[in-house]
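Inspection log for the structure reproduced underneath, given as structure tokens.
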Amino acid sequence: MADELSDDSKSTKLIDYIEETVSDEEEIEAIPLPDQGAFFKMPKRFGTVPDVSETPLGWGKGGYAHLYPYVKLPMQRLETISFGNNDGKPNKLYWGDNLHVMRTLPSESIDLIYIDPPFFSGKKYNMIFQDRNEVITFEDIWEGGLPTYLVWLNARLVEMKRLLKPTGSIYVHLDWHASHYVKVEMDKIFGYDNFKNEIIWSYQRWTGTTDKFQKMHDVILFYTKGKHYTFNVQTEPYSEKSLHKARRISIAKNGKVIEQSYTDDTSRQKSMRDVWEISYINSQAKERLGYPTQKPEALLERIIKASSNEGDVVADFFCGGGTTPAVAQKLGRRWIACDISRIAIEVTKGRLLRLLKSEKGTQFSLSKVPNIEVWSWGFYDAEKLQDATDGEFKDFIVRAYGGRPITSRYVNGFKNGIPILVGDKDPKKPITKKEVLEFAKYIQENYQLNKTGTILAWGFSDSAIKAQEALANTGSEIDFVKIKTVRIGTYEFMEDVITKNKDYEKIFRFVLPPEVVLHISKENGEFIFDFSDSISLNNGKIINIQADFNFDGKFTPSEGYIFNPNTMILKYRFKTVGKKRIAFKIEDDQGGEKLIVKEVE
């Protein structure tokens, strides 16, 4: 075999390897991080003021890359929801770790950021959707206590500062557990003088305590990026107890008061205070989706109106059930939303579609509404990737590996000048001996200055491994890289990246859709849809089923069927008779999701 390859190489044309592969390689724009000098140095005017001139907790050389390495993975477009408006930029919904998603976004591109990160108050309270990706992320946050939580949040706040326009603002929603500690960190990141308000959201709940005052408020920290920023003054009426009294006095020529009266002026408004009394969403409210930390639309409406204008970009990187993008949509703002939970993404998307389809949902006609694009980062829909063409699959894998794709039979890309070959998209078809030899031969024929190559594949046959060993004896180094499905952010991932210093760019996770079994029955005029026999193919469990009982091609969950945790049986009574086209989305706790469409009489 070695003689055969050597003889063939003698007749090949010598190609300037460096010129052909290195000089034309794409340049990846580095995402700038603020250096130590970029952080605010608070003047020490008062001896009692804590010194916050140091950098944020966890900051190191290169920012937070030593704790949260940069991972160059491609985005996968899961869906585009079109309303016929292809002129404007689309609104975007991202499924993935928000730190890595934010690192792909351009600097100074967002006008307003509102985030409601997990409070440092307990795991169960914050794991809203019980999506396994969400659970693992939150477990990492709490593993080292409060310092770990602050470092985790700081890494994200630094990125948010980079994304904000010079006139932009950020609102961070917290409770008493960590708000004071987060403020100290935000003073370091955004600057002490850019702190504008500690907003108190006061509410009523039906709980009681006998050993202390009831905790009935959250804290929202309001910072701007710079001295000049967008702010629209908000007003509120005077309370009934302090209505403005307009005093009218009539005085006679001799100076004596002959008439005096007081008039209530209920039209008078005052500038809004930093204490906001907005009711919690009650159990019967139309906007309630069913999870405990959902924030009222009135709260987000006040923030968005105050710190943005129509057409501005509003972002929420912990979007949960989608209150921020829903309110931004109503108010004519563009939006970006992100969440680590696939279920949160689906709930948000369903909420937006219900809003847009309702008569009162938007002040615009649907033809003027920007498209909605749904993207994923780090978690990839295996079914959609299997539907891709062979070229699309190989392009995706090369980009996931951090390489530059090319179109060729024997070489699918380059990374650092080294040729890359990608195996079959079918996980059941491993790399064969023939493919290894053809790849090695092609390298020797075309790149005589280098006998090194990399093959990326789901698996490698025994004969392929033996061919690799034989080629090594001739000086040809063909590296095998098995496509792994490790969840980014897990301990296994961090061990690969930091401890072993492995090539983390090849690590990502494919997600399979659930296997859905649906039994339909009818009882007393009510349809029963039983999914009890459905299973997750990702070693997980089914945790949410959404239903659209009036499916028109765009899946829009019916009221009351957006978020149904751990429910495997749904019941529904149709209001009219006839054939009905219905659809269901079934989601597991690993991010797997499947849409099925049925017709019932």
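Sequential numbering from 83 applies to the sequence shown in the working numbering.
Glycine is no exception: its CB is placed at the ideal position from the N, C-alpha and C atoms.
Distance, Cα to Cα, residue i vs residue j?
i    : j    : result
I644 : K515 : 50 Å
R244 : S189 : 5 Å
L435 : S164 : 11 Å
P138 : N276 : 16 Å
Q445 : V409 : Here the model assigns Q445 a pLDDT of 49, short of 50, so the residue's position is not dependable and the matter cannot be decided.
S261 : C401 : 19 Å
G432 : V183 : 22 Å
V451 : E669 : 28 Å
E551 : I525 : 17 Å
V518 : A549 : 7 Å
T317 : G404 : 26 Å
E641 : I427 : 17 Å
K387 : L413 : 8 Å
K662 : V682 : 5 Å
S284 : T536 : 59 Å
D193 : D612 : 45 Å
Y146 : S603 : 55 Å
D671 : V266 : 35 Å
E383 : A397 : 14 Å
M268 : G250 : 15 Å
P501 : K278 : 54 Å
Y706 : I195 : Nothing can be reported for residue 706, as the shown portion of the chain is limited to 83 through 683.
K684 : F637 : Not covered by the structure: residue 684. The range shown for the chain is 83 to 683.
E136 : V480 : 41 Å
L437 : Q411 : 9 Å
F609 : H601 : 10 Å
I678 : S614 : 15 Å
V659 : G635 : 20 Å
F695 : K623 : One cannot answer for residue 695 here, as it falls past the ends of the chain, which runs 83 to 683.
F211 : N648 : 10 Å
M354 : Q286 : 20 Å
K533 : Q376 : 58 Å
V395 : D198 : 17 Å
I360 : K297 : 15 Å
Residue i: buried (16+ other C-beta within 10 angstroms of its C-beta) or exposed?
i    : result
F461 : buried
H310 : exposed
R491 : exposed
W258 : exposed
K507 : buried
P200 : buried
N555 : exposed
L228 : exposed
R127 : Any reading at R127 is ruled out, since the residue's pLDDT is 43, under 50, leaving its predicted position unreliable.
A380 : exposed
Look up residue i in the DSSP assignment and give the residues it is bridged to.
i    : result
F542 : I513
Y196 : Y253
C684 : In the structure displayed, the chain extends from 83 to 683; residue 684 sits before or after that span and is not available.
N626 : P647 and E669
S353 : T317
N279 : F304
Y654 : F609
K680 : I664
M157 : W459
I500 : K497
Just to confirm before moving on: does the CB-CB distance between residue i and residue j stay below 8 Å?
i    : j    : result
P595 : E527 : no
Y305 : F272 : yes
G499 : I488 : no
I302 : Y253 : yes
I664 : K680 : yes
W457 : K667 : no
Y152 : A237 : no
E597 : I625 : no
P512 : S543 : yes
R416 : W177 : no
A522 : I560 : yes
K294 : Y320 : no
K497 : G484 : yes
K510 : A539 : no
K466 : L246 : no
If residue i and residue j are in contact, beta carbons under 8 Å, what's the gap, nearest whole angstrom?
i    : j    : result
W65  : M242 : The displayed coordinates of the chain run from 83 to 683. Any statement about residue 65 would go beyond what the structure contains.
E280 : D213 : That pair is no contact at about 32 Å.
E216 : I422 : 5 Å
N646 : I627 : 6 Å
E60  : P172 : Only positions 83 to 683 of the chain appear in this structure, which leaves residue 60 out of reach.
F673 : V599 : A quick correction: the sequence has Gly, not Phe, at residue 673. Their Cβ separation, rounded to whole angstroms, is 20 Å, which puts G673 and V599 out of contact at 8 Å.
T312 : S389 : 6 Å
For the ligand MG, is there any heavy atom lying closer than 7 Å to the beta carbon of residue i?
i    : result
S423 : Of ligands this structure carries none, so the ligand MG is not represented either.
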